[in-house]
Amino acid sequence: MGELYARRAAKEGARAIALWDLDGPRAEALAAELSGGETTARAYVVDVSDREAVREAAGRTVAELGVPDVLINNAGIVRGALFWEHDPERDIELTMRVNTLAPMWLTRELLRAMLADRGRPKRILNIASAAGTLANPRMSVYAASKWAMIGWSESLRLELAREGHGHVAVTTFCPSYVSTGMFAGARGPLLTPIMTPVRAARAAWEGMLAGTPLVLRPWTVKLAMALRGILPTRVWDAIADRVFHVYSSMDRFTGRG
């Protein structure tokens, strides 16, 4: 997904693109491919679960490429298991660090400069998940990380608007399952096909450019949120489990983190 966002940025004439990844060679190869004409792409090997590494890399990125107009918080991992099977450090703490804390750390490092630069509109795109809108068995920690991300992202959006920083818009993207390999083995609930990365990235990107607060895909994500909000919990549990098969969607999960 990160590669798709980078390619879209290059296609639309971005002056500079910073690629953060743990996989240095792959990021370097993509940077070389995207660089050319008026676009400069640079790769940075960063472990976003390390707050100090995020701080250092953010400073280096701004020094070398300038204050970003667009920040995409895309890194994420998932552990598909029963809660009591999670390792406290390798699963619980790492998931929260990568999925929730890293976007907060990075945004905080860059936001003041983005606020000060009013010459161009700024965008922050936070990649959350439909799992952050609806509880689901075998993804308790992942869901918790994305619920937290949505709450933070939406609160940040409101704070920026109330404080008069209208040139910085925050978009939170909440997709259902995307076929990146991250959720291999997961089964899409009723009427909820697993999205292709291209389709998901397009929806997120277009929502970000428009400054749309929440982008939920597919439409059944909104439907599930509405039903969960108006139905008694036990009634919703029965419908989610027996009709939509939401609660069994992770039963055959084999995906990578």
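Convert by adding 1280 to the 1-based position in the sequence shown; the result is the number in this note's numbering.
Glycine residues also receive a C-beta, built at the ideal position from the N, C-alpha and C atoms.
{"query": "Start and end residues, beta strand (DSSP E) containing Ile1297", "result": "Ala1296 to Asp1301"}
{"query": "Among Pro1348, Gly1399, Asn1379 and Ser1529, nearest to Ser1228 - alpha-carbon criterion", "result": "Limits of the chain in this structure are 1281 at one end and 1537 at the other, which puts residue 1228 out of reach."}
{"query": "Cβ-Cβ distance between Ala1321 and Ala1290 below 8 Å", "result": "yes"}
{"query": "Selected residue, minimal CA-CA separation from Met1530, among Pro1417, Thr1513 and His1445", "result": "Pro1417"}
{"query": "contact_flag[the stretch 1448-1464, the stretch 1472-1482] where n(CB pairs < 8 Å) is 3 or more", "result": "yes"}
{"query": "Residue environment, Val1523, which counts as buried when at least 16 other CB atoms sit within 10 Å", "result": "exposed"}
{"query": "Residue interval of the beta strand (DSSP E) (run including Leu1496)", "result": "Leu1494 to Arg1497"}
{"query": "Contact set for Asp1327: own chain, Cβ-Cβ below 7 Å, skip 5 residues either direction", "result": "Leu1302 and Ala1333"}
{"query": "CB contact flag (Glu1434, Thr1452, <8 Å)", "result": "yes"}
{"query": "Segments of 4+ residues assigned as alpha helix (DSSP H) that fall wholly inside the stretch 1445-1528", "result": "1477-1490, 1499-1510 and 1513-1518"}
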